[in-house]
Amino acid sequence: MQNHGAAASAEARKEHMKSIKEEKAAQGTSTHQRLINNFTANAKHKLAAKREIHDMVNYVIFLALFLTVAITSTNGDDLFKFSKLVRSHLVVKNFQLVNTSVYKSYADVSNLDEFYEYLVGPFWGAIYGSDSYDGDETVYAATNASNSSVNYNRGYIGGVGRILGTIRLGQVRVAGQACDNLATLGSTWCLPEYSTSTASTDSFGLGHELYEAVHTHIDEPSYISITNRVYPGPAFTVEIPNVEAAECNVVTKANCTVYTMLEELRHNKFWDLATRAIFVDFSVYNPHCKAVAVVRLFLEQTDGGGVMPSVSIRPFLPYVTPQTFQDMFAIVCESLLYLVVFHQAYVAVHGLRTVGFKYYAIRANIANDINIVFFFIVLGLKVLTHASLPTEFQDDVYVNLRSSANYDYLSRSVNSLNCFLSVLKVFKYLSFIPTFSILTATVSGAVDELIGLFVMIAILLFGGSLAFTIAFGSMLRHYSVVINSFYSLMGIFTLKFDAEEIFDGNRVLGPVFFVVFVSLIILVIMVLYLQHVSIIYSYSSLLCTATIILINYEAYIHSTCSLRALRMRTWSKRKRNCLPKT
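Position in the sequence shown counted from 1, then plus 71, gives you the working numbering.
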């Protein structure tokens, strides 16, 4: 019995020792697994940080090149001053006293008769009548061959701008339609609003030769008026020279060929009630800054009556000829910029092919890819700008630079969006700085909710635009159509809302609409917006604090596990040294 009990006790001790060894082995295995997991997570974190640093360096290089190109291309104000000079001579100059009894300029033209007076008055004076140059031909002949004293004269506007080719006067017309007239002796023919179905190309005029339609306008870009109506190029045109006859007497208008041509347009009724859009097109070249200003005086005559004048002056640099070190430096930087853009496009396509549309789960990738697409659009528009330029310039034909100017205008517009998107990506990398991490997290967390807020604002603006157009559209220009009302109501966000004019327009609905609209926009939406951002900011602050605590806790666990592993290795080594050798 004693032997049997001793054997059982020994067997129990063996089982106990075996269980202790298994527990120690399991503990060692779990500790080892935790160490492996910690090291793996640390390696992934370092790899992600390395990628972010690599992306940040690439972005810094891209931004430096882009800002260099953008600043060098917008550093000077030559284009602005040149366009302002042309505008001041054509638009700002007042009518002569023989043409009107009140001070009036191009912007005040309200009917066709006043437009005819403008052509033979300020327009003829600025271009032909020496109002924008001294008109002394003898001084011009004496100084033209000298590089120390140069005096530009006939054919120039503002003294520095050479008019390229002829000046084109044009229009688009509509055909009359039978209609009812409440007046007993009124006409039974009405002229509708312009469209492709109502446009007319029939011959007309009161002179010996009728005005015939032309087809040179087909290749021109469409023109959008200030009332958001779209018009093609002129269907009927008359071209006048860019210089007056040498024997012209500026004071008496005797022997003035161009002046006579303008008077004939009035007598032959080139523009009449059937005219829906009037075009005065020409291009001005400034040899000093190598710029061309494409000028269009545009007057719209709708079926409502009267004309509405506007002016479009689009200056651009048609031919890039590097002459200075700054020009060469800008070209080199732009070439390097597009190399970086091509590399970014390759990385984006590779990421999209690798993970599919999950690539856009990161919102920054959406803005980045849109930015890349815009860069390629700008490049294509620049190619079209130079490809559509004429190969030669003649004084006796109209030089059409409208397509090139339009492509240049579009490229600048798209490039302005590139500026916004390129600089906007800075916030992606500011999130690594603790000072900005809360702010960037607040903006990121509020995106989804802000979309709903913007939808609410859009609905209110749309409803308000309809209401204001119906109530005030017949009295106030700012609310004449829905799109004008939309723009006017958006001014409330910048505190540029004219409440007095709607009060005068309707003394009942004006105050009611103002109070209701301001209450909905300011008192409700803005309060909800600020409250929501405050909640997101508090949440982001707590999230950042929790992240810091978690990082510190992981560091503590990592150091504790490492210390325990070191102690276990030291204990095992001491145990082996204490055991007797066999």
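Ideal Cβ positions, reconstructed from N, Cα and C, are used throughout, including at glycine.
All values derive from a computational prediction rather than experimental measurement.
For residue i versus residue j, is the C-beta spacing smaller than 8 Å?
i, j, result
"Ala306", "Ala284", "yes"
"Glu310", "Tyr469", "yes"
"Phe540", "Val553", "It is worth fixing the name first, because residue 540 is Thr in this sequence and not Phe. Taking 8 Å as the Cβ cut-off, Thr540 and Val553 qualify as a contacting pair."
"Val411", "Ile132", "yes"
"Pro358", "Arg244", "no"
"Leu532", "Phe568", "no"
"Ser474", "Pro292", "yes"
"Ala419", "Asp398", "no"
"Val163", "Ser181", "no"
"Leu450", "Tyr409", "yes"
"Leu262", "Asp374", "yes"
"Gly581", "Leu560", "no"
"Leu161", "Val382", "yes"
"Val351", "Tyr199", "no"
"Gly230", "Val157", "no"
"Leu253", "Tyr356", "no"
Could you give the first and the last residue of the continuous alpha helix (DSSP H) run that contains residue i?
i, result
"Glu405", "396 to 426"
"Ile437", "434 to 458"
"Met332", "328 to 338"
"Trp195", "195 to 198"
"Arg473", "473 to 495"
"Leu27", "The chain is shown only over 72 to 653; residue 27 falls outside these bounds and no answer can be derived."
"Gly544", "Note, Gly544: premise wrong, no alpha helix (DSSP H); not H, not E."
"Lys657", "What is shown of the chain runs 72 to 653, which leaves residue 657 out entirely."
"Gly660", "Only positions 72 to 653 of the chain appear in the structure, and residue 660 is not among them; the question remains open."
"Val321", "Looking at the DSSP string, Val321 is not in any alpha helix (DSSP H), and its letter there is neither H nor E."
"Pro461", "Where Pro461 is concerned, there is no enclosing alpha helix (DSSP H), given that its DSSP letter is neither H nor E."
"Pro582", "580 to 589"
Would you mind sorting residue i into buried or exposed? The rule is 16 or more other CB atoms within 10 Å of its CB.
i, result
"Cys319", "buried"
"Glu264", "exposed"
"Ala145", "Ala is not the amino acid found at residue 145; the sequence shown has Thr there. Thr145 comes out exposed."
"Trp260", "exposed"
"Leu185", "Checking the displayed sequence, the identity of residue 185 turns out to be Glu instead of Leu. Flag for Glu185 reads buried."
"Phe543", "buried"
"Gln242", "buried"
"Ser354", "buried"
"Leu634", "Any reading at Leu634 needs caution, since the residue's pLDDT is 49, under 50, leaving its predicted position unreliable; the model's value is listed next. By the 10 Å Cβ count, Leu634 comes out exposed."
"Ala213", "Low local confidence applies: a pLDDT of 48 at Ala213 is under 50, so the model's placement there is unreliable, with the coordinate-based value given in what follows. Exposed."
"Tyr174", "exposed"
"Phe588", "buried"
"Arg385", "buried"
"Ile142", "exposed"
"Ser464", "The residue you asked about is not Ser; residue 464 is Phe in the sequence shown. Per the 10 Å Cβ criterion, exposed."
"Phe153", "buried"
"Val378", "buried"
"Ala401", "buried"
"Phe428", "exposed"
"Leu240", "buried"
"Ser159", "exposed"
"Gln394", "exposed"
"Ala348", "buried"
"His549", "buried"
"Val426", "exposed"
According to DSSP, which residues form a beta bridge with residue i?
i, result
"Asp352", "Arg239, Arg367"
"Met379", "Glu371"
"Phe387", "Val363"
"Cys261", "Gln248"
"Arg233", "Tyr227, Tyr356"
"Ile573", "According to DSSP, Ile573 bridges with nothing at all."
"Ala270", "Val245"
"Val301", "Ile295"
"Thr565", "Bridge partners of Thr565: none, in fact."
"Phe275", "Tyr282"
"Thr346", "Arg244"
"Tyr469", "Gly236"
Over the uninterrupted beta strand (DSSP E) stretch that includes residue i, give me the two end residues.
i, result
"Phe307", "307 to 311"
Within 8 Å (strictly less), CB to CB, does residue i reach chain B?
i, result
"Arg424", "The displayed structure is made up of one protein chain only, and chain B is not part of it."
Using 8 Å as the threshold, is the region 187 to 198 in touch with the region 384 to 396, meaning 3 or more CB pairs across them? no
Below 8 Å, how does it come out for the region 351 to 366 and the region 128 to 143: are there three or more Cβ pairs, yes or no? no
Are the region 467 to 484 and the region 241 to 250 in contact at 8 Å, needing three or more beta carbon pairs? no
Does the contact criterion of 3 or more C-beta pairs under 8 Å hold for the region 334 to 352 versus the region 368 to 386? Enough Cβ pairs lie closer than 8 Å, so yes.
Check whether the region 436 to 446 touches the region 486 to 495, taking contact to mean three or more Cβ pairs, one atom from each stretch, closer than 8 Å. yes
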